Amino acid sequence: MTPEIKRHSVTSLKYSIDEALCQEILLAEEPQEILFCLFKRFKERAAIVTSGQLSGMLLIHLAAENRLPFRVCTLDTLRLFPETYAFLEQVESRYGIQIEQIQPDRQEVQQMVTQHGEYLFFDSKSKQEHCCNIRKVRPMQRLLKTLDVWITGLRRDQSDARQQLPKAEIISSASHPILKVSPLIQWTTEKVWQFARENDIPVNPLLKADAHGHYYESLGCITCTTPIRPGEPKRAGRWRWQNATPTEENTKECGLHFSI
Ligand code: SF4
Numbered sequence: 013m014t015p016e017i018k019r020h021s022v023t024s025l026k027y028s029i030d031e032a033l034c035q036e037i038l039l040a041e042e043p044q045e046i047l048f049c050l051f052k053r054f055k056e057r058a059a060i061v062t063s064g065q066l067s068g069m070l071l072i073h074l075a076a077e078n079r080l081p082f083r084v085c086t087l088d089t090l091r092l093f094p095e096t097y098a099f100l101e102q103v104e105s106r107y108g109i110q111i112e113q114i115q116p117d118r119q120e121v122q123q124m125v126t127q128h129g130e131y132l133f134f135d136s137k138s139k140q141e142h143c144c145n146i147r148k149v150r151p152m153q154r155l156l157k158t159l160d161v162w163i164t165g166l167r168r169d170q171s172d173a174r175q176q177l178p179k180a181e182i183i184s185s186a187s188h189p190i191l192k193v194s195p196l197i198q199w200t201t202e203k204v205w206q207f208a209r210e211n212d213i214p215v216n217p218l219l220k221a222d223a224h225g226h227y228y229e230s231l232g233c234i235t236c237t238t239p240i241r242p243g244e245p246k247r248a249g250r251w252r253w254q255n256a257t258p259t260e261e262n263t264k265e266c267g268l269h270f271s272i
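The number in the working numbering is simply the position in the sequence shown, starting from 1, with 12 added.
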């Protein structure tokens, strides 16, 4: 059975992440109940972190509707699609928020490019992971130093690797424990799209299917992300050149949700 809350270090925490809070999250039936409970306790020490995926937009929408002025953050790898940058501006304007764009350290990027080349990720899996580490994971670790609660739009139906993710878990960042919460963990793709339609929630145009049914399932870097065809596995568009080599499903993750 999929754990709803990983309790491994709950009792050792000191940032008001206690058993009562875990119970409140576990028992909450609606995502807005979770958002309310987190904002009430953590304010600017909690943030919705999104790549611009639809479930992240739902969380921003629910926060706005319930007057919960959460910090909203995105990882700007400096290689996002132009559509994504334009979309983030649209979201800011729609909800009257400023999205914190967390960027990689320029010196680290320059050093990596000098050492391995601009397109190192084509060379090997380990170099792709190195690039993701510099452009995504390390910036995320820096962001986490400012947070006690990381709110994600993760859902179990997004991939096989995500089917076991809990609704909430305590993760160990470099500086202190973080409560990572995914209020929409049990929502299906259909439910998310239906809610978005009914509430006129902005949708990144990359997520919409073209005339041939092709669409982007991931909103990553422009160099590494391609649309998928109808019937293709959801992760097929990520690092498509790796599809020729049999891989574990969870190797199609950038490390953000499985290594921090
Ligand atoms: S998705 Fe590609 S360009 Fe973006 S950080 Fe990962 S390897 Fe680098």
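All residues carry an ideal CB built from backbone N, CA and C; glycine is no exception. These numbers come from a predicted model, not from an experiment.
Contacts around residue i, its chain only, beta-carbon distance under 8 Å, and the 5 residues preceding and following it disregarded
i: D222; result: P239
i: R150; result: P116, D117 and E120
i: Q127; result: none
Pairwise C-alpha distance: residue j and residue i
i: I31; j: L38; result: Rather than Ile, the amino acid found at residue 31 in this sequence is Glu. E31 and L38: Cα-Cα distance of roughly 10 Å.
i: S136; j: V125; result: 15 Å
i: I284; j: V121; result: Residue 284 cannot be examined here, being either before or after the span of the chain that is shown, 13 to 272.
i: E36; j: G129; result: 48 Å
i: H142; j: L100; result: 26 Å
i: N78; j: Q44; result: 8 Å
i: M152; j: A59; result: 12 Å
i: V103; j: I29; result: 30 Å
i: G243; j: E202; result: 16 Å
i: Q198; j: Q175; result: 9 Å
i: R19; j: C49; result: Interpretation of R19 is limited by its pLDDT of 46, a score under 50 that renders its predicted location unreliable; the figure taken from the coordinates is listed afterwards. Using only the alpha carbons, I get a separation of about 18 Å.
i: R275; j: P189; result: For the chain, the structure presents residues 13 to 272; residue 275 sits outside this window and is missing.
i: L156; j: V193; result: 13 Å
Beta-carbon spacing of residue i, residue j below 8 Å
i: W253; j: L66; result: no
i: L70; j: L196; result: yes
i: A180; j: L166; result: no
i: L132; j: L80; result: no
i: Q110; j: T86; result: no
i: G64; j: N211; result: no
i: F93; j: L218; result: yes
i: S171; j: K246; result: yes
Residues of its chain near residue i, where Cβ-Cβ distance is below 7 Å and the 5 sequence neighbours each way are ignored
i: S230; result: T237, G249 and R250
i: A256; result: none
i: Y228; result: L218, L219, T237, P239 and G249
i: G68; result: I60, T62 and G165
Paired residues, beta bridge with residue i - DSSP
i: Y227; result: I240
i: C49; result: The partner list for C49 (beta bridge, DSSP) is empty, contrary to what the question assumes.
i: R252; result: Answer is none; R252 lacks a bridge partner.
i: V61; result: C85
i: Q44; result: DSSP output for Q44 lists no bridge partner at all.
i: C233; result: L92
i: Q113; result: T86
Spatial neighbours of residue i in its chain, beta-carbon cut-off 6 Å, leaving aside the 5 residues before and after
i: R147; result: T89 and P116
i: R106; result: P214
i: A75; result: L47 and F82
i: A40; result: I46
i: E95; result: P217 and L218
i: G134; result: Contrary to the premise, residue 134 reads as Phe rather than Gly in this sequence. Nothing listed; no residue qualifies.
i: I234; result: R91 and F93
- What are the start and end residues of each continuous alpha helix (DSSP H) run of 4 or more residues lying completely inside the segment 134–197, in chain order? Listed in chain order, they are 137–144 and 150–156.
- Query: Can you list, in chain order, the stretches of the alpha helix (DSSP H) that have 4 or more residues and sit fully within the segment 65–92?
  - Reply: Within the segment 65–92, the complete alpha helix (DSSP H) runs of at least 4 residues are 66–77.
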